[in-house]
Every structure is written in C-alpha cells, then in structure tokens.
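Mapping the sequence shown onto numbering that gives the first Met the number 0, position 272 (from 1) lands on 271, and the numbers just tick up by one.
Let me begin by presenting the structure, written as structure tokens, before commenting on it.
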Amino acid sequence: MKTQSLILIGLCVALAACGQHESSAPTPPPAATLVSTDPMTGNPFATPSDLYLQAPPFDRITDASFAPAFDAGMKEQLVEMDQIADRAEPPSFDNTITAMERSGQLLNRASKVFFNLTESNTNDTLDKIQADYAPKLAAHTDAIVLNDKLFARVKSLYDHRETLGLNGESLRVLEQYYRNFARNGALLDAAGQAELRKLNQAQATLTNQFSDQLQKETNAAAIVVDSVAELAGFSDDDIAAAAEAAKARKLEGKWVIPLVNTTVQPAMQSASNRALRERIYQASISRGAHDNAFDNRPLVLKLAKLRYDRARLLGYPEHATYVLEEQMAKTPKAARDILVGMAKPALAAAKRDAARLQKLIDSEQKAVGQPSFKLAPWDWSYYAEKLRKQEFDLDEAQIRPYF
C-alpha cells in the first residue's frame with residue numbers, strides 16, 4: 000500500500016506540473032518508487048496455494064523460486080523450533096510435538112515441489128540448486144535433531160508417555176519423534192554430534208552427486224536408432240515418441256529410445272530386433288560403470304565408508320543394522336534368511352520359465368527356417384510377453400495406459 004501511495008503522489012505531482020505552462024518554482028522531482036528487497040516478495044511458495052487441495056501453482060513457479068524459499072523456509076523453521084525449545088511452560092504433547100508437526104510449512108511447500116521435479120523433470124538449473132542445498136538441508140535437519148533443549152522436551156514426554164493419557168495415534172507419533180531424535184544423534188556428546196554433522200553433510204553431498212551422475216549417464220546412454228526398420232515390433236505411438244525424443248536431441252531423421260530407471264527396459268518387451276534388445280540391455284546394466292565423468296563406482300566406495308562410520312558412531316555394528324532396525328526384517332540376519340529362503344524356489348521357477356521361453360524360441364526359429372539361439376537376458380521380456388499373449392490373450396501394451 001505504501002508503494003501504491005507513493006506512485007499516486009508522483010503521478011499527481013507530474014500532472015500538476017504539466018498544467019502550469021510557466022512557473023518560477025522548479026518542478027519537484029518525481030517521487031521514488033519503493034522496491035522490495037525481500038527475495039520472497041511474489042514467491043509462489045510464500046503463502047499456501049489457494050488452488051484446490053493447495054495444489055502447487057505451477058503457472059507461477061520457476062526455477063528461481065526454490066533457493067529463496069529454501070533459505071527463508073529453513074530460517075523460519077529454526078525460529079519456530081527455538082520458540083518451542085525455549086518455552087517456559089512444562090512440555091506437553093500440544094506445545095511440543097504438535098507444534099513441531101506444524102512447523103516448517105514454507106520449507107515443506109517448496110521441498111515437495113522441488114524434489115518431485117528433480118525426480119521427474121529436472122534440468123541443469125535444478126540440478127545445481129540440488130547440489131548446493133543437499134548439504135545445507137542436511138545441516139538444517141541436524142540443527143533440529145541435535146538441539147539439546149528441544150530433545151530434552153521430547154525426552155521428558157517420552158519418559159512419561161504412559162501417564163499422559165494419549166490415544167494410540169498420538170502415542171505412536173511421540174515414540175517416533177523420540178526414536179528419530181535418538182537414532183540421529185541426540186544422545187551423543189558434543190564431540191560425537193560435531194563428527195556426525197560432518198558425516199551427514201558429506202553423505203548428503205555424495206548421495207546427491209551419485210543421483211545426479213546416474214541421471215546424466217542414463218540420459219547419455221539413450222539408444223539412437225538410424226532406421227525405423229530397426230524398431231520392428233514397436234507400436235506407432237512408441238515409434239512417434241522415439242522420433243520426438245530424437246528431435247529433442249536435435250537428431251533429425253533418427254529415433255531415440257530413452258532409458259528408464261530400471262534394469263529391464265519397457266522397450267525390450269516390444270522390440271523384435273534381437274540386436275536392438277541387446278543394445279538396450281547392455282546400455283541399461285552398465286550405467287555408472289564406465290570410465291567417464293559419470294562413473295559412480297568410486298562414489299559407492301566412499302558412501303559405503305561414510306555409512307559405516309556413521310553407523311558405528313551411532314552405536315551400530317554397520318549401516319545395514321542401523322537401517323533394518325526400523326524395517327520389517329529388523330536385522331541383517333533376518334533379511335538374509337528371507338532372501339536365502341526365497342532363492343531356491345525362485346531359481347526353480349526361473350528355470351521352468353526359461354525352459355518354456357526356450358521352447359517358444361526354438362519353435363519360432365524353426366517356423367522361419369532359421370537356427371535357434373540360447374535364451375539371453377535381453378530376450379526374456381520379449382518372449383515372456385509373447386507367451387502371455389498366447390496363453391492368456393493379455394497384451395500389456397493395451398493395459399499400460401491405465402496404470
């Protein structure tokens with residue numbers, strides 16, 4: 000409102016000056032317009048979205064929206080957490096746990112959109128923001144869970160949880176809050192917490208680097224096809240999509256099959272060109288394992304060492320025990336027992352399926368007067384789909400759009 004008022008005053012002065020053809024008094028300078036220096040002015044994350052179910056206003060969100068929102072969001076949440084920690088009244092579920100649950104709304108709004116975008120539709124700018132903020136966000140989390148006064152309130156509630164009269168849901172939330180603090184270093188001494196902060200920031204940086212390099216390697220490993228004849232078996236829609244993918248890479252007159260984030264690629268199910276299937280398979284399984292800028296093998300070793308050191312610092316023998324403590328298996332031994340128990344029947348089933356697929360290959364090759372070949376990993380999806388069509392009249396390409 001102040002800015003608008005000053006603009007109106009300036010306009011009035013200018014119009015008055017125009018109405019005086021001559022004047023002995025000098026014309027006053029136009030009033031200056033106030034320009035906000037707040038980086039969150041006009042930011043779409045500054046307030047909750049007014050769209051249905053607070054859907055993000057993507058028409059207003061740009062790459063430049065995120066960094067200011069992260070900075071302001073982290074600052075806002077730390078203030079909120081300090082206010083909770085510094086309260087004079089004794090801790091209660093409402094003034095501690097509920098208050099923590101309600102904190103960080105700005106950061107939450109920005110983070111949800113940002114990480115969904117970086118997982119599905121990223122670009123160089125977003126990748127740079129993610130690399131810059133990965134260690135900052137890790138440090139932000141540490142600033143909360145390693146806040147001694149805040150943890151003291153949570154621990155006091157946890158220690159007296161049976162006398163608080165909480166319902167089952169609230170009791171579960173309280174227990175999870177305590178475990179989250181305890182499992183992330185709140186019980187360590189000052190030296191241990193300082194070491195943990197370093198490990199967490201290093202791990203966040205390397206984890207982000209791993210994901211970034213894998214994504215870039217996946218993009219670079221896309222299969223370029225020179226002739227549409229090589230795409231035999233593909234649907235018209237899939238061929239058109241491959242042509243569009245090529246155009247996006249400025250490869251006019253070619254077709255591109257992008258890789259997805261699984262070992263088995265959907266295109267292998269349709270491609271009747273065996274050589275193309277092998278190209279797709281080999282490109283898929285070798286991602287991150289080439290001697291290039293995207294080689295993730297050194298990062299894997301560094302991450303394994305960091306995770307081991309972090310687990311030991313927190314009182315666990317290794318990272319697997321730390322992670323599985325919160326999972327259904329609970330222990331590495333239980334997880335191994337599950338896998339070992341599955342291995343024998345799974346192998347037997349795989350051998351039965353392989354024999355059926357090999358029989359189909361032999362039959363088809365004989366029908367066209369060609370020598371047969373041994374079933375290979377890149378053949379499995381293609382012939383399994385053909386077998387499904389034969390036995391169940393089921394075409395996954397027809398039902399895929401519904402999922």
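For every residue, glycine included, the Cβ atom is placed at its ideal position computed from N, Cα and C.
Everything numeric in this text was worked out from a predicted model, so none of it was measured.
Given 8 Å, three or more beta-carbon pairs between the segment 211-226 and the segment 278-292:
yes
Could you spell out where the alpha helix (DSSP H) holding Ile284 opens and where it closes?
The count along the sequence shown starts at 1 and reaches residue 284 at position 285. From DSSP, the alpha helix (DSSP H) with Ile284 extends over Arg273 to Ile284.
Can Lys385 and Leu359 be called in contact, C-beta distance under 9 Å?
For the purposes of this step, residue 385 is identified with residue 386 of the sequence shown, where counting begins at 1. For the purposes of this step, residue 359 is identified with residue 360 of the sequence shown, where counting begins at 1. Yes, they are a contact pair.
Could you tell me how far apart the beta carbons of Pro134 and Thr204 are, in whole angstroms, since I believe they sit closer than 8 Å?
Residue numbering aside, residue 134 sits at position 135 when the sequence shown is read from its first letter. Residue numbering aside, residue 204 sits at position 205 when the sequence shown is read from its first letter. Between Pro134 and Thr204, the beta carbon gap of about 5 Å places them in contact (Cβ cut-off 8 Å).
So, at 8 Å on beta carbons, what are the nonlocal neighbours of Asp352 in its own chain, with the 5 sequence-adjacent residues on each side left out?
For the purposes of this step, residue 352 is taken as the residue at position 353 of the sequence shown. Here the set comprises Ala383.
Just how far apart, CA to CA, sit Ala130 and Gln208?
Position 131 of the sequence shown, counted from the first residue, corresponds to residue 130. Position 209 of the sequence shown, counted from the first residue, corresponds to residue 208. Approximately 7 Å between the Cα atoms of the pair.
Go ahead and pull the three-state DSSP assignment for Ile60.
Here residue 60 is taken as the residue at index 61 of the sequence shown, counted from 1. Note: Ile60 maps to coil in three-state DSSP.
Could you give the C-beta distance for Leu198 and Leu187, rounded to a whole number, given that I count them as a contact under 8 Å?
The residue you call residue 198 lines up with position 199 of the sequence shown. The residue you call residue 187 lines up with position 188 of the sequence shown. 11 Å between Cβ atoms; not a contact.
Give me whichever residues DSSP pairs with Trp377 in a beta bridge.
The sequence position of residue 377 within the sequence shown is 378, counting from 1. None; Trp377 has no bridge partner.
Euclidean distance between Cα positions of Glu216 and Ser110:
Taking the first residue of the sequence shown as 1, we reach residue 216 at position 217. Taking the first residue of the sequence shown as 1, we reach residue 110 at position 111. Roughly 25 Å between the two C-alpha positions.
Checking 9 Å against the spacing of the C-beta atoms, do Tyr132 and Gly232 come in under that value?
Taking the sequence shown and counting its residues from 1, the one referred to as residue 132 is at position 133. Taking the sequence shown and counting its residues from 1, the one referred to as residue 232 is at position 233. Contact flag unset, no.
Taking the CB atoms as reference points, tell me whether Ser210 and Ala396 lie closer together than 9 Å.
Position 211 of the sequence shown, counted from the first residue, corresponds to residue 210. Position 397 of the sequence shown, counted from the first residue, corresponds to residue 396. In this structure, Ala396 does not lie closer than 9 Å to Ser210 by Cβ.
Could you give the distance in angstroms between the alpha-carbon of Ser22 and the alpha-carbon of Thr36?
Here residue 22 is taken as the residue at index 23 of the sequence shown, counted from 1. Here residue 36 is taken as the residue at index 37 of the sequence shown, counted from 1. Residue confidence is low: Ser22 scores 36 on pLDDT, short of 50, so the model does not pin down where it sits. Its coordinate-derived value is still stated next. Using only the alpha carbons, I get a separation of about 38 Å.
Since I believe Gly72 is in contact with Leu106 (beta carbons under 8 Å), could you give me their beta-carbon distance rounded to a whole number of angstroms?
Reading the sequence shown from its first residue, position 107 is the one you call residue 106. Reading the sequence shown from its first residue, position 73 is the one you call residue 72. Going by Cβ atoms, the distance from Leu106 to Gly72 rounds to 3 Å, so yes, they are a contact pair.
Quick one: any contact between the segment 54-74 and the segment 37-45, if contact means 3 or more CB pairs under 8 Å?
yes
Could you give the DSSP three-state label for Val339: helix, strand or coil?
Indexing the sequence shown from 1 puts residue 339 at position 340. If DSSP states are grouped into helix, strand and coil, Val339 belongs with the helices.
Counting beta carbon pairs with one atom in the segment 76-91 and one in the segment 143-152, are three or more of them shorter than 8 Å?
yes
Through-space distance from Asn260 to Gln214, alpha-carbon basis:
Reading the sequence shown from its first residue, position 215 is the one you call residue 214. Reading the sequence shown from its first residue, position 261 is the one you call residue 260. When rounded, the distance between both Cα atoms is 9 Å.
Could you tell me if Phe150 is buried or exposed, where buried requires 16 or more neighbouring beta carbons within 10 angstroms of its beta carbon?
Walking along the sequence shown from the start, residue 150 turns up at place 151. Phe150 comes out buried.
One question on the structure: do Arg86 and Thr97 come within less than 9 Å of each other, judged by their Cβ atoms?
Along the sequence shown, read from residue 1 onward, the residue named residue 86 stands at position 87. Along the sequence shown, read from residue 1 onward, the residue named residue 97 stands at position 98. Cβ atoms of Arg86 and Thr97: not closer than 9 Å.
Sort out for me which residues DSSP pairs Val144 with in a bridge.
Residue 144 sits at position 145 when you count from the first residue of the sequence shown. DSSP output for Val144 lists no bridge partner at all.
Residue interval of the alpha helix (DSSP H) (run including Val367):
Translated into the one-based positions of the sequence shown, residue 367 becomes position 368. From DSSP, Val367 is part of no alpha helix (DSSP H); its letter is neither H nor E.
Please state the DSSP three-state secondary structure of Val255.
Residue mapping note: residue 255 aligns to position 256 of the sequence shown, counting from 1. It is a strand residue.
Which residues bound the beta strand (DSSP E) around Val224?
Residue 224 sits at position 225 when you count from the first residue of the sequence shown. Counting along the chain, the beta strand (DSSP E) containing Val224 begins and ends at Ile222 to Val224.
Cβ-based neighbour list, Leu250, same chain, cut-off 8 Å, excluding 5 preceding and 5 following:
If you number the sequence shown from 1, residue 250 lands on position 251. These residues qualify, in order along the chain: Val223.
Could you tell me if Gly164 is buried or exposed, where buried requires 16 or more neighbouring beta carbons within 10 angstroms of its beta carbon?
What you label residue 164 is simply residue 165 of the sequence shown in a count that begins at 1. The residue in question, Gly164, is exposed, as its Cβ has fewer than 16 Cβ neighbours within 10 Å.
Given a cut-off of 9 Å on the beta-carbon distance, is the pair His318 and Ala333 in contact?
Position 319 of the sequence shown, counted from the first residue, corresponds to residue 318. Position 334 of the sequence shown, counted from the first residue, corresponds to residue 333. No. Outside cutoff.
Inter-residue spacing [alpha-carbon to alpha-carbon] between Met0 and Ala310:
Here residue 0 is taken as the residue at index 1 of the sequence shown, counted from 1. Here residue 310 is taken as the residue at index 311 of the sequence shown, counted from 1. Low confidence applies to Met0: its pLDDT is 40, below 50, so where it sits in the model is not reliable, and the reading given next is rough at best. In a straight line, the C-alpha of Met0 is about 55 Å away from that of Ala310.
Is Val255 close to chain D? Criterion is C-beta to C-beta, closer than 9 Å.
Reference to chain D is not applicable here, since this structure consists of a single protein chain.
Just the Cα atoms here: how many angstroms apart are Tyr401 and Arg296?
One-based indexing of the sequence shown puts residue 401 at position 402. One-based indexing of the sequence shown puts residue 296 at position 297. Straight-line Cα distance between these residues: approximately 37 Å.
If you measure between the beta carbons of Asn122 and Asp58, is that distance less than 9 Å?
Position 123 of the sequence shown, counting from 1, holds the residue named residue 122. Position 59 of the sequence shown, counting from 1, holds the residue named residue 58. Cβ atoms of Asn122 and Asp58: not closer than 9 Å.
Going by the beta-carbon positions, is the gap between Gln202 and Ala137 smaller than 9 Å?
Residue numbering aside, residue 202 sits at position 203 when the sequence shown is read from its first letter. Residue numbering aside, residue 137 sits at position 138 when the sequence shown is read from its first letter. Their beta carbons are under 9 Å apart, which means Gln202 touches Ala137 by this criterion.
Which runs of the beta strand (DSSP E) spanning at least 3 residues fall entirely within the segment 95-161, listed in chain order?
none
For Leu156 versus Phe114, is the C-beta distance shorter than 9 Å?
Looking up residue 156 in the sequence shown gives position 157. Looking up residue 114 in the sequence shown gives position 115. Contact flag unset, no.
The alpha helix (DSSP H) with Met404 in it runs from where to where?
Outside the shown range of the chain, which is 0 to 402, sits residue 404, and nothing can be said about it.
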